[in-house]
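Student: Structure below; questions to follow.
Protein chains in written order, with the working numbering: chain A, 815 to 1085; chain B, 815 to 1085.
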């Protein structure tokens, strides 16, 4: 699908080649969606992609000669039958968004799945509604992974999970945790409830304190926009409205911090 | 100290005026330190500064005419005897770092205090060693505030707490929570221990799981650099080495998420 003429062996050597340009265009959201592919930058992300989801990795690009960090990752890719192309450093820099891709990058195929699949049989899932900051979305995905959650769902109007900053913020967790994107939040709540999950709306105005909430049953946590908070329709649709106690004078917690507190509270209660 | 000629009443009306230039220079760290002043941008930060620490606010600048958001904050400032200057919008934009200061900004005086003061009589304090990301530092300060912590200490080599991005990330908590900056971490650990606090090093390699740690005694939490983790010398100097359990496949948590989990665990255990 991605227009990258030439076999992997005859790698691109010019920063102006069509293949380099095609990879570089993955920084653009509409182009990403039109080809269903995204850029995976840096050793940690490429290593995790190759280790956990080689099936979605189209091609790995590594600066020639590979070094002690990029070399083992390139070998692991080759062993997983992922095409590996060595390129001069300026070519990798021309392909990538970050200032320091650290010698390795890859093109991956979209790996989100339908929300129905994410919630089925799950014990702990996060729904992010109208989340705008890619760093927040990526950090929540990473935290959900650490907390052993079964999945993350991004609503319509939320940030694109394949945005470069989001991918980097997941620190590889994008390839560990099942996730869905561009979903109707009301639809997800209905699906999750039908799958046996309790729906907890995280909201500062929640009548139930996190300290008192029963977090043992299978749970869908719902978090809202960074500035406006959770949509009243979603607050009303939840089974319970839960607030994190504020012991000091802060008005609220940052979204990623709030999600960390709630997800770990759930993870610990469920174990 | 800050070279801003002209009385508050004869406010700056030109984007090129010396006063505007002096305020704009507060975006520069060495200049900030030379004058001991920093920029407070946007309604939330200015509101919290005026409400909680009017003693450190030199002057508030508000776009003329004040609107329904900036007006009440400007009035509160005036009532607290803080000089308020109305300026045309281009002047406020020329003074500030953010694209949208939302009609209000202020100049504040440094309000950090010695670490000894922060730990004395405290039940919960955070030490951030070699933290480099201003967003992380600010988010931890905000989270510490929400968790009812008594203070935050930044080590030598950590980000400047008066950096614009850090100030914004605190969402006003910079004016709620006592904090220290540019401290020797080993010195802080000794001082905290002398003040009766237990020193807990947050480290993925910690032998004690957060689930099993006794978090009721007065505690100093120590967190290390985002990429390298905690310095071995500090790990060794702690009373206990605590790890957040990783239930999934993530390698670690993001610093701000880890701090949120640990600080809330402490806050809940201490209540």
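All C-beta atoms in this analysis are idealised placements derived from N, C-alpha and C, irrespective of residue type, glycine included.
Alpha carbon to alpha carbon, how far is residue 1028/B from residue 988/B? Give it in angstroms, no decimals.
Tutor: When rounded, the distance between both Cα atoms is 29 Å.
Student: Whole angstroms is fine: what's the gap from residue 1017/A's alpha carbon to residue 1021/B's?
Tutor: Those two C-alpha atoms are separated by around 35 Å.
Student: Does the Cβ-Cβ distance between residue 855/A and residue 902/A come in under 7 Å?
Tutor: Not in contact: residue 855/A and residue 902/A (Cβ atoms no closer than 7 Å).
Student: Tell me where the beta strand (DSSP E) around residue 969/A begins and ends.
Tutor: Here the beta strand (DSSP E) through residue 969/A covers 965 to 969.
Student: Per DSSP, what are the beta-bridge partners of residue 854/B in this structure?
Tutor: Residue 854/B is bridged to 920/B.
Student: State the start and end residues of the unbroken alpha helix (DSSP H) segment that holds residue 936/A.
Tutor: Taken as a continuous stretch (DSSP letters only), residue 936/A belongs to no alpha helix (DSSP H), as it is neither H nor E.
Student: With a CB to CB cut of under 6 Å and the five nearest residues on each side skipped, what residues in its chain are close to residue 1012/A?
Tutor: The answer, listed in chain order, is 1031, 1033, 1053.
Student: Give, in chain order, every residue of the region 938 to 971 of chain B whose Cβ lies closer than 8 Å to some Cβ of chain A.
Tutor: So the close ones are 949, 953, 956, 957, 958, 959, 960, 961, 962, 963.
Student: Hey, out of 865/A, 1072/A, 887/A, 830/A, whose CA is closest to residue 957/A's CA?
Tutor: If we check each option's Cα against that of residue 957/A, 1072/A comes out closest.
Student: Over what stretch of residues does the alpha helix (DSSP H) that includes residue 1012/A continue unbroken?
Tutor: That residue, residue 1012/A, is in no alpha helix (DSSP H); its beta strand (DSSP E) goes 1012 to 1016.
Student: Looking only at its chain, what residues have a beta carbon closer than 7 Å to the beta carbon of residue 1081/A, apart from the 5 residues adjacent to it on each side?
Tutor: Counting only Cβ-Cβ distances below 7 Å, and skipping sequence neighbours, we find 938, 961, 962.
Student: Does the beta carbon of residue 936/B come closer than 7 Å to any beta carbon on chain A?
Tutor: For residue 936/B, the answer is no, since every Cβ of chain A falls outside 7 Å of its Cβ.
Student: Out of 860/B, 909/B, 907/B, which one is the CA nearest neighbour of residue 885/B?
Tutor: When only C-alpha atoms are compared, the closest one is 860/B.
Student: When Cβ atoms are compared, which residues of the region 974 to 1006 of chain A fall closer than 8 Å to chain B?
Tutor: Listed by position along the chain: 983, 985, 986, 987, 990, 991.
Student: Please decide whether residue 1068/B counts as near chain D, where near means a Cβ-Cβ distance under 7 Å.
Tutor: Checking the listed chains, one finds no chain D in this structure; the protein chains it contains are A and B.
Student: Helix, strand or coil for residue 941/A, going by three-state DSSP, please let me know.
Tutor: Looking at residue 941/A - three-state DSSP - the assignment turns out to be strand.
Student: Tell me which residues share the same chain as residue 846/A and place their Cβ nearer than 7 Å to its Cβ, disregarding the 5 neighbours each side in the sequence.
Tutor: The residues are 840, 852, 976.
Student: Do residue 944/A and residue 842/A have their beta-carbon atoms positioned less than 7 Å apart in this structure?
Tutor: No, Cβ-Cβ distance for residue 842/A and residue 944/A is not below 7 Å.
Student: Could you pull the start and end residues of the beta strand (DSSP E) that residue 871/B belongs to?
Tutor: Element bounds for residue 871/B: 871 to 877.
Student: Return no unless some Cβ of chain A is closer than 7 Å to the Cβ of residue 1010/B.
Tutor: So, not an interface residue.
Student: Taking only three categories from DSSP, how would you classify residue 987/B?
Tutor: DSSP places residue 987/B in helix when its eight states are reduced to three.
Student: Looking at the secondary structure, which residues open and close the beta strand (DSSP E) in which residue 1048/B lies?
Tutor: Where residue 1048/B is concerned, there is no enclosing beta strand (DSSP E), although the alpha helix (DSSP H) it sits in stretches over 1046 to 1051.
Student: Give the DSSP-derived three-state secondary structure of residue 1023/A in the structure shown.
Tutor: In the structure shown, residue 1023/A sits in a strand (DSSP, three-state: E or B).
Student: Taking Cβ-Cβ distances shorter than 7 Å, what residues in chain A pair up with residue 918/B?
Tutor: Those within 7 Å of residue 918/B in chain A number zero; the least Cβ separation is about 17 Å.
Student: Please state the DSSP three-state secondary structure of residue 994/B.
Tutor: Residue 994/B: strand per DSSP, three-state reduction.
Student: What's the C-alpha gap between residue 1002/B and residue 923/B?
Tutor: Taking the straight line joining both Cα atoms gives about 24 Å.
Student: Measure from the alpha carbon of residue 1044/A to the alpha carbon of each residue in 875/A, 900/A, 946/A, 844/A, then state which is nearest.
Tutor: That would be 946/A, whose Cα lies nearest to the Cα of residue 1044/A.
Student: How would you write the range of the alpha helix (DSSP H) that residue 903/B sits in, first residue to last?
Tutor: Residue 903/B -> alpha helix (DSSP H) spans 903 to 909.
Student: Exposed or buried, residue 882/A, counting other C-beta atoms within 10 Å across all chains shown (16 or more means buried)?
Tutor: Burial call: exposed.
Student: Taking any Cβ of chain A, which residues in the region 1073 to 1084 of chain B have a Cβ under 7 Å from it, in chain order?
Tutor: Hits within the stretch, in order: 1074, 1075, 1078, 1081, 1082.
Student: Residues in the region 1013 to 1037 of chain B with C-beta within 9 Å of chain A's C-beta atoms, listed in sequence order?
Tutor: Result list: 1024, 1025.
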